[in-house]
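J.:
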Amino acid sequence: MGGVSFLKKVIKIILVIVVAFYLFKVPSIVRKFYPLKYSESIYKYADKYEVDPYLIAAIIRTESSFNPGAVSSKGAKGLMQIMPETGEWISMKMDIKGHGEEKLFIPDYNINMGCWYISDLIKQFDNFDLALASYNGGKGNVQKWLKDTRYSKDGETLSYIPFKETDKYVKKVKVSYNIYKFLYGR
Numbered sequence: 072m073g074g075v076s077f078l079k080k081v082i083k084i085i086l087v088i089v090v091a092f093y094l095f096k097v098p099s100i101v102r103k104f105y106p107l108k109y110s111e112s113i114y115k116y117a118d119k120y121e122v123d124p125y126l127i128a129a130i131i132r133t134e135s136s137f138n139p140g141a142v143s144s145k146g147a148k149g150l151m152q153i154m155p156e157t158g159e160w161i162s163m164k165m166d167i168k169g170h171g172e173e174k175l176f177i178p179d180y181n182i183n184m185g186c187w188y189i190s191d192l193i194k195q196f197d198n199f200d201l202a203l204a205s206y207n208g209g210k211g212n213v214q215k216w217l218k219d220t221r222y223s224k225d226g227e228t229l230s231y232i233p234f235k236e237t238d239k240y241v242k243k244v245k246v247s248y249n250i251y252k253f254l255y256g257r
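Residues 72 to 257 in this note's numbering are what the sequence shown spells out, letter by letter.
Given below as structure tokens:
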């Protein structure tokens, strides 16, 4: 009888230790794979343009793995992988003087533009998934998909994203976003 009671106590202690390890150690391990580099710029511009800073971190992680010198095969540049033409358009909308393609490699500059752009897309589409799909696949494509009954049943949401890369992108950013909120949420 006493042995069973002792065993139950040992199991409870082991469970407490495992839970404590999980709560305190696992997040620090996961943070190595989900860093929050450039946090000052992320928080500053996320606040300025009213977007969640953890969404911005998730986009940066997905787009460039926090490499400010990243260039995609299609020519997107910097942390948030802004296409030169999109950067030119954003600079006009934001009334930025002296914009140049090379500035897209400056982390603070790139994050400022990327935060403004995703904020603009969220306001335009009023839908998180559509904003992310637009960021990756292009606003024009998303608008076209919304008008096509093969991809949208209601003209307001997508039931199917025809670009596999964009579909994967939306899912990947959303997973990263939830992880960032869990790890760094304030």
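Where a beta carbon is used, it is the ideal one built from N, C-alpha and C, also for glycine.
1) What does the alpha-carbon distance come out to for the pair Val142 and Leu217?
2) For the alpha helix (DSSP H) that contains Thr220, what are its first and last residues?
3) So the alpha helix (DSSP H) Ser190 belongs to, where does it begin and stop?
4) With DSSP collapsed to three states, give me the class of Ile85.
5) Secondary structure at Ile167, three-state DSSP: helix, strand or coil?
6) Which first and last residues belong to the alpha helix (DSSP H) in which Glu236 is found?
7) Determine, using beta-carbon pairs with one atom in the region 228 to 248 and one in the region 203 to 213, whether at least three such pairs fall under 8 Å.
8) Assuming Ser76 contacts Ile182 under a Cβ cut-off of 8 Å, what Cβ separation, rounded to an integer in Å, is found between them?
9) Decide if the region 116 to 125 is in contact with the region 176 to 192; the criterion is three or more beta carbon pairs, one per stretch, under 8 Å apart.
10) For Asp225, which residues from the same chain have a beta carbon less than 8 Å from its beta carbon, with the 5 sequence-adjacent residues on both sides left out?
11) Would the region 239 to 251 count as touching the region 157 to 176 if we require 3 or more Cβ pairs under 8 Å?
12) Please state if the CB of Met154 and the CB of Lys145 are separated by a distance shorter than 9 Å.
13) Suppose you measure from the CA of Arg221 to the CA of Val81; what does that come to, to the nearest Å?
14) Going by DSSP in three states, Ile161 sits in which element: helix, strand or coil?
15) Does the beta-carbon distance from Gly149 to Pro178 come in below 9 Å?
16) Does DSSP put Ile153 in a helix, a strand or coil?
17) Excluding the five sequence neighbours on either side, which residues of its own chain have a C-beta within less than 6 Å of the C-beta of Asp166, listed in chain order?
T.: In this structure, then:
1) Looking up residue 142 in the sequence shown gives position 71. Looking up residue 217 in the sequence shown gives position 146. When rounded, the distance between both Cα atoms is 30 Å.
2) For this step, residue 220 is matched to residue 149 along the sequence shown. No residue range can be given for Thr220, since it is assigned to no alpha helix (DSSP H) and is classified by DSSP as neither H nor E.
3) Position 119 of the sequence shown holds residue 190. Per DSSP, Ser190 belongs to the alpha helix (DSSP H) from 178 to 196.
4) For the purposes of this step, residue 85 is taken as the residue at position 14 of the sequence shown. In this structure, Ile85 counts as helix in the three-state DSSP scheme.
5) Your numbering for residue 167 matches position 96 in the sequence shown. Three-state DSSP puts Ile167 in coil, outside helix and strand.
6) On the sequence shown, position 165 is the one that residue 236 refers to. Glu236 -> alpha helix (DSSP H) spans 235 to 255.
7) With a cut-off of 8 Å, the region 203 to 213 and the region 228 to 248 count as touching, because enough Cβ pairs lie within range.
8) Residue numbering aside, residue 76 sits at position 5 when the sequence shown is read from its first letter. Residue numbering aside, residue 182 sits at position 111 when the sequence shown is read from its first letter. In fact, because the Cβ distance is near 58 Å, the residues do not count as touching under 8 Å.
9) Contact between the region 116 to 125 and the region 176 to 192 is established, with three or more Cβ pairs separated by less than 8 Å.
10) Translated into positions along the sequence shown, residue 225 becomes position 154. Excluding sequence positions up to five before and after Asp225, its CB lies less than 8 Å from no other CB in the same chain.
11) Taking a contact to require three or more Cβ pairs closer than 8 Å, the region 239 to 251 and the region 157 to 176 do not qualify as touching.
12) Here residue 145 is taken as the residue at index 74 of the sequence shown, counted from 1. Here residue 154 is taken as the residue at index 83 of the sequence shown, counted from 1. Result yes, Cβ atoms of Lys145 and Met154 sit closer than 9 Å.
13) On the sequence shown, position 150 is the one that residue 221 refers to. On the sequence shown, position 10 is the one that residue 81 refers to. Each residue's Cα considered, the two are about 58 Å apart.
14) Locating residue 161 in the sequence shown gives position 90, where the first residue counts as 1. Looking at Ile161 - three-state DSSP - the assignment turns out to be helix.
15) The residue labelled residue 149 in the question sits at position 78 within the sequence shown. The residue labelled residue 178 in the question sits at position 107 within the sequence shown. Taking 9 Å as the Cβ cut-off, Gly149 and Pro178 qualify as a contacting pair.
16) Position 82 of the sequence shown holds residue 153. In the structure shown, Ile153 falls within a strand segment according to DSSP collapsed to helix, strand and coil.
17) Numbered from 1 along the sequence shown, position 95 holds the residue referred to as residue 166. Within the same chain, Asp166 has no close Cβ partners at all.
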